[in-house]
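Heads up, the sequence shown stops at 231 in our numbering, and the numbers go up one at a time, no gaps. Using N, Cα and C, we set each Cβ at its ideal position, and we do this for glycine too. Nothing here was measured: the structure is a model prediction, and the numbers come from that model. To start, the structure itself, in structure tokens.
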Amino acid sequence: MIWLTDTISFPDYKFVTPDGILALGGDLSEERLIYAYKNGIFPWFSEGDPIIWYCPSERMVLFPDDLKVSKSMRKLINKKEFVITENLAFEEVIYNCKNIKRKEDFGTWITDDMEKAYINLHKRGVAKSIEVWKDNELVGGLYGLEMNHVFCGESMFSKVSNASKLAFIHLAKNKKYQLIDCQIYNAHLASLGAIEIDRALFLKILKS
């Protein structure tokens, strides 16, 4: 396993393990995170563990034109019970993504240091959020990083049914992005049209 030094660089992709791990260690500085995402690499680790950097061979992505919106979701959207905003409550969104209890009960992978790092990236205009409101209460949302024409999704949350889906649909429909990076396979996102593509194709789109 390759450990990173203070230099902001990563090993060649040929060193990726079968689990998608490229390197360990380093830091969560704004410069390293931006460099990582520009090269298709993202951190994913638990509190107390070393930073683990991933670049899996199969990448879960959504091409916005392939978005699938069910009849029930279209009905929900047409009811206009929810208000959707962008970048109005980034810190609240990441806080909820970090602390909300999930069905799998795996706990959170958003450490305190990660939370601070992405808030700093938001202040630089790199990290973005989508918020879903009902009766003036934040009930869902998502956040990620904007890399030119690719949105690198990080996490989402729902306090009421389908709130995170509404955020994701809004993100896909704004026509700003050529691709939405969902990182690893997720059945929830697959139902919305996300698919797995080869890392080489993902990197080609990311860097084009």
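Continuous alpha helix (DSSP H) stretch holding residue i: start and end
| i | result |
| --- | --- |
| C120 | F113 to N122 |
| I228 | R222 to K230 |
| I74 | I74 -> no alpha helix (DSSP H), and no H or E assigned at all. |
| S214 | That residue, S214, is in no alpha helix (DSSP H); it is neither H nor E in DSSP. |
| K196 | A186 to K196 |
Straight-line gap, residue i to residue j (C-alpha atoms, nearest Å)
| i | j | result |
| --- | --- | --- |
| F225 | M83 | 9 Å |
| T134 | L99 | 34 Å |
| W132 | L194 | 23 Å |
| N197 | C78 | 27 Å |
| I31 | F191 | 32 Å |
| D136 | K146 | 16 Å |
| I218 | L85 | 6 Å |
| Y118 | D88 | 30 Å |
| S231 | V155 | 32 Å |
| S93 | N209 | 17 Å |
| L27 | A213 | 33 Å |
| P41 | M96 | 37 Å |
| E160 | K103 | 15 Å |
| A223 | V39 | 13 Å |
| K37 | D221 | 14 Å |
Close-in-space but distant-in-sequence residues of the same chain around residue i (CB under 6 Å, 5 per side omitted)
| i | result |
| --- | --- |
| I228 | L202 |
| V183 | V162 |
| G167 | F174, C175, G176 and E177 |
| G148 | none |
| A186 | V155, V162 and G163 |
Local conformation of residue i per DSSP, three classes
| i | result |
| --- | --- |
| E109 | strand |
| F180 | strand |
| G130 | No answer about G130 holds up, because its pLDDT of 47 lies below 50 and its placement is not dependable. |
| K139 | helix |
| P34 | coil |
| S93 | coil |
| I207 | coil |
| F174 | strand |
| P66 | strand |
| E54 | helix |
| Y200 | coil |
Neighbourhood of residue i by C-beta distance below 7 Å, restricted to the same chain and skipping five residues each side
| i | result |
| --- | --- |
| G130 | Any reading at G130 must be qualified, since the residue scores a pLDDT of 47, below 50, and its modelled position is unreliable; the value itself is stated next. Contacts found: none. |
| E114 | I142 |
| E138 | I117 and K121 |
| F180 | N119, C120, I123, G163, G164 and S187 |
| M170 | Y60, K61 and L229 |
Integer-rounded CB distance, given that residue j should sit under 8 Å from residue i
| i | j | result |
| --- | --- | --- |
| I74 | G49 | 6 Å |
| P34 | L51 | Incorrect: roughly 18 Å between the Cβ atoms, too far for contact. |
| A46 | W76 | 5 Å |
Limits of the beta strand (DSSP E) - the one that residue i falls within
| i | result |
| --- | --- |
| A292 | Here the chain comprises residues numbered 24 to 231, so residue 292 is not present and cannot be evaluated. |
| E81 | E81 to L85 |
| E154 | A150 to K157 |
Spatial neighbours of residue i in its chain, beta-carbon cut-off 8 Å, leaving aside the 5 residues before and after
| i | result |
| --- | --- |
| I107 | I153, E154, V155, W156, L189, A190 and H193 |
| G43 | Y77, C78, P79, S80 and I207 |
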